[in-house]
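S.K.: Have a look at this one before I ask anything.
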Amino acid sequence: MLSLVCLCAQKVVSDHASLRRALDSIPRELYPQLFTAAFRDRKTLVLQDLVQRWPFSVLSFQELLQGDPGQLHPNPSRVSTQSVILGVMDYLGDAKSRERGCRLRLLDMTGAQDTVLEQGPDAMSLWSRTVTLAKACIDLSKRCRDEATQAAKRRRGHGDSPLAPSTPIDFVEVKTDLFVNSTSYSVLREALQASTHGPLRLRCRDLRAEELSLRSTVGLLELLNPAGVRQIDLRFNNLGLDGLNAILPAMVKFGTLRSLKLPYSNIDVRRLTPDMEDAMGKFAALIGRLRSLKELNLGSSRLSGRLRQLLGSIEEPLECLELAFCFLLPADLYYLSRSPHISNLKKLDLSGNNLSELLLPPFQQLLSTVSSSLLYLDIMECKLSDSALSSVLPTLCCCTRLRYLGLFWNPLSSQGLRTLVQNCVRLRELQLVVYPYPTDCYGDDPDRGTPYSPLLDNAIDQEKLTQFSAELQEMLVWAERTPAAS
1300 MLSLVCLCAQ
1310 KVVSDHASLR
1320 RALDSIPREL
1330 YPQLFTAAFR
1340 DRKTLVLQDL
1350 VQRWPFSVLS
1360 FQELLQGDPG
1370 QLHPNPSRVS
1380 TQSVILGVMD
1390 YLGDAKSRER
1400 GCRLRLLDMT
1410 GAQDTVLEQG
1420 PDAMSLWSRT
1430 VTLAKACIDL
1440 SKRCRDEATQ
1450 AAKRRRGHGD
1460 SPLAPSTPID
1470 FVEVKTDLFV
1480 NSTSYSVLRE
1490 ALQASTHGPL
1500 RLRCRDLRAE
1510 ELSLRSTVGL
1520 LELLNPAGVR
1530 QIDLRFNNLG
1540 LDGLNAILPA
1550 MVKFGTLRSL
1560 KLPYSNIDVR
1570 RLTPDMEDAM
1580 GKFAALIGRL
1590 RSLKELNLGS
1600 SRLSGRLRQL
1610 LGSIEEPLEC
1620 LELAFCFLLP
1630 ADLYYLSRSP
1640 HISNLKKLDL
1650 SGNNLSELLL
1660 PPFQQLLSTV
1670 SSSLLYLDIM
1680 ECKLSDSALS
1690 SVLPTLCCCT
1700 RLRYLGLFWN
1710 PLSSQGLRTL
1720 VQNCVRLREL
1730 QLVVYPYPTD
1740 CYGDDPDRGT
1750 PYSPLLDNAI
1760 DQEKLTQFSA
1770 ELQEMLVWAE
1780 RTPAAS
């Protein structure tokens, strides 16, 4: 339910003409509420006017759009986001805004949700937001250059020196997350070059780059302002060790870099030549030079037996380690359970590693060591059977701070999942369990020769599954817990 202030703000922004006439007399303290209401109701013209006259130095999406639950749709719409950007452009192009005492210096667009599942049909994706900001940056820089050229001509016409100093450029910094691929690379590169001294200056917090060449990736990193870069996510770039070793030196300047994601980078230690051994050592050393690193994702790399080498150069303990489908060996997990990184580890992803046989004992030891800090555990598609899971449960139940448990695509039966729920209800902070369809809920009995496959959703016996889901619901209600997710 909206508050009285929100309802009043909604009424005020419904009439653009009246609001525009009254803007000069509206107290600055009301601007945030009016902005929120206009954004929610997609009052594009109102938004542009409010941003153009914004009376504060900072306009933050995180603060204004997600401050009070229920006030605003959590997924900023495309038209509203575009209107905010246009408002900033109007502000920078209007000298009267500064004469009125407007003083916007920072537009913080971080915090807007961007996952596919969270977006509504009219939401603005991170890729689209990146391109829109880039084009705005380029357009404003061109305007600025054109105005400077005209001013120089006027000075020459009055006999002044063409090198006489002009009025300093007013500027607004835009703190944002950026998503770039081969389609949008050129426009973002031009925007970053223009924003160095232009009126709209991009400041990246999290960078996600997909399917870029080595040269493009290095060029992009060199153009980023190092202040405030928190995460770099390079995926599907097929860089290999040599490519990564060419890129990592460009990241050392990012002193605040906390998260590095390098999934699908085409690393395979099983095929290392002597030259590649040197490259592997260099890669490990370069990772160690990222002094603020707390999160590392090397998913889908073949790292068998190399965790000690890769993680040993990282001095500060990691908080998040993602090693999905990395073909790990027992020695890797034994090392990890004794490494300094285990002391603060909050998120661990071992999906796709076979934890049912040789890796089971070291996995249990690892789980025991990390039990006091672990919040998120993903062991999807790890070939965990009922018996393997049963042996892990006592240790798992010692992870008293666990909030998420991912078990999807493991061959677990209804009885195995019942046992899991009976034990996990004791974990009071556990909020979400993602479990597979029970093997005995498939139409064909696996005991008669039909192999279990999580991809055969059309073979599910819906009657059995409904009955099983009802049983789980009853167990959770009895334990005074909300239903688990499937």
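Residues 1300 to 1785 in our numbering are what the sequence shown spells out, letter by letter. Virtual Cβ for every residue (Gly too), placed ideally from N, Cα, C. Note that the structure is predicted; figures quoted are calculated from it, not measured.
Quick one: Cα of serine 1689 to Cα of threonine 1555, how far?
M.R.: 42 Å
S.K.: Among the residues of its own chain, which have a CB less than 6 Å from the CB of phenylalanine 1553, if the five just before and after it don't count?
M.R.: Pro1525 and Val1528
S.K.: Does the Cβ of lysine 1452 have 16 or more other Cβ atoms within 10 Å, making it buried, or fewer, making it exposed?
M.R.: exposed
S.K.: Count the other C-beta atoms from every protein chain shown that fall within 10 angstroms of the C-beta of aspartate 1323, then say buried if there are 16 or more, exposed otherwise.
M.R.: exposed
S.K.: Inspect the beta-carbon positions of aspartate 1476 and aspartate 1445 and report whether they are closer than 8 Å.
M.R.: Going by C-beta atoms, aspartate 1476 is not nearer than 8 Å to aspartate 1445.
S.K.: Considering only C-alpha positions, which residue in the set Leu1540, Ser1603 and Leu1559 is nearest to aspartate 1577?
M.R.: Leu1540
S.K.: Is it true that the CB of cysteine 1436 sits closer than 8 Å to the CB of leucine 1499?
M.R.: Contact: yes.
S.K.: So what does DSSP say about aspartate 1746, is it helix, strand or coil?
M.R.: The predicted model places aspartate 1746 with a pLDDT of 48, which falls under 50 and marks its position as unreliable; any figure quoted below should be read in that light. In this structure, aspartate 1746 counts as helix in the three-state DSSP scheme.
S.K.: Report yes if the CB atom of alanine 1758 is closer than 8 Å to the CB atom of valine 1724, and no otherwise.
M.R.: If you check the CB distance, alanine 1758 and valine 1724 do not come in under 8 Å.
S.K.: Rounding to the nearest angstrom, what Cα-Cα distance links lysine 1763 and arginine 1702 in this structure?
M.R.: 28 Å
S.K.: Using the beta-carbon count (16 or more within 10 Å), is proline 1660 buried or exposed?
M.R.: exposed
S.K.: Assign glutamine 1761 to one of three DSSP states: helix, strand, or coil.
M.R.: Glutamine 1761 carries a helical assignment under DSSP once its states are collapsed to helix, strand and coil.
S.K.: Who are the Cβ neighbours of tyrosine 1563 in its own chain at under 6 Å, not counting the five residues just before and after it?
M.R.: Beyond the five residues adjoining it in sequence on each side, tyrosine 1563 comes within less than 6 Å, by CB distance, of Arg1534, Phe1535 and Ser1599 in the same chain, given in chain order.
S.K.: Per the DSSP calculation, alanine 1508 is bridged to which residue(s)?
M.R.: Val1479 and Leu1533
S.K.: Between Ala1508, Pro1326 and Lys1560, which lies nearest to glutamate 1594 when the distance is taken from Cα to Cα?
M.R.: Lys1560
S.K.: What whole-angstrom Cβ distance do glutamine 1663 and tyrosine 1633 have, given they're in contact under 8 Å?
M.R.: About 11 Å separates the two Cβ atoms, so there is no contact after all.
S.K.: Hey, would you say alanine 1545 sits closer than 8 Å to valine 1517, going by beta carbons?
M.R.: yes
S.K.: For the ligand COA, is there a heavy atom less than 7 Å away from the beta-carbon of alanine 1687?
M.R.: This structure lacks the ligand COA, and indeed carries no ligand of any kind.
S.K.: Suppose the cutoff is 7 Å on Cβ atoms and the five residues either side in sequence are ignored; what does the same chain contact list for arginine 1747 look like?
M.R.: A caution first: arginine 1747 carries a pLDDT of 43, below 50, which makes its placement in the model too unreliable to give a value.
S.K.: Measure how close the beta-carbons of valine 1473 and leucine 1406 come, nearest whole angstrom, since I'm counting them as under 8 Å.
M.R.: 5 Å
S.K.: Just curious, the beta strand (DSSP E) that asparagine 1544 is in, first and last residue?
M.R.: Looking at the DSSP string, asparagine 1544 is not in any beta strand (DSSP E); the run it does join, the alpha helix (DSSP H), is 1539-1546.
S.K.: Can you give me the C-alpha to C-alpha distance between alanine 1422 and glycine 1611, rounded to a whole angstrom?
M.R.: Those two C-alpha atoms are separated by around 43 Å.
S.K.: Rounding to the nearest angstrom, what Cα-Cα distance links arginine 1442 and serine 1376 in this structure?
M.R.: 28 Å
S.K.: Counting along the chain, where does the beta strand (DSSP E) carrying asparagine 1596 start and finish?
M.R.: Run containing asparagine 1596: 1594-1596, per the beta strand (DSSP E) assignment.
S.K.: Evaluate the contact criterion for the region 1677-1685 versus the region 1708-1719: three or more CB pairs, one atom per stretch, below 8 Å.
M.R.: yes
S.K.: Starting from the Cα of leucine 1306, find the closest Cα among Gln1332, Ile1325 and Arg1319 and give me that residue.
M.R.: Gln1332
S.K.: Hey, leucine 1520 and alanine 1549 are a contact pair by Cβ (cut 8 Å); roughly how many whole angstroms apart?
M.R.: 4 Å
S.K.: So who's on the other strand from glutamate 1472, going by DSSP bridges?
M.R.: Leu1405 and Arg1500
S.K.: So valine 1312 and leucine 1318 are supposed to be a Cβ contact under 8 Å. How far apart are they, rounded?
M.R.: 6 Å
S.K.: In whole angstroms, what separates the C-alpha of isoleucine 1250 from that of proline 1616?
M.R.: Given that the chain is displayed from residue 1300 to residue 1785, the structure contains no residue 1250 and the question cannot be resolved.
S.K.: Whole-angstrom Cβ separation of cysteine 1722 and leucine 1692, contact assumed at under 8 Å?
M.R.: Residue identity differs from the one stated: residue 1722 is asparagine in this sequence, not cysteine. So it is a contact: roughly 5 Å between Cβ atoms.
S.K.: Report all residues from its chain with a CB closer than 7 Å to the CB of valine 1345; omit the five preceding and five following residues, and keep chain order.
M.R.: Excluding positions up to five away in sequence, the list reads Val1312, His1315, Leu1318 and Ala1337.
S.K.: What is the C-beta distance between aspartate 1677 and aspartate 1648, in whole angstroms, given that I count them as a contact (C-beta under 8 Å)?
M.R.: Indeed they touch by this definition, with Cβ atoms about 4 Å apart.
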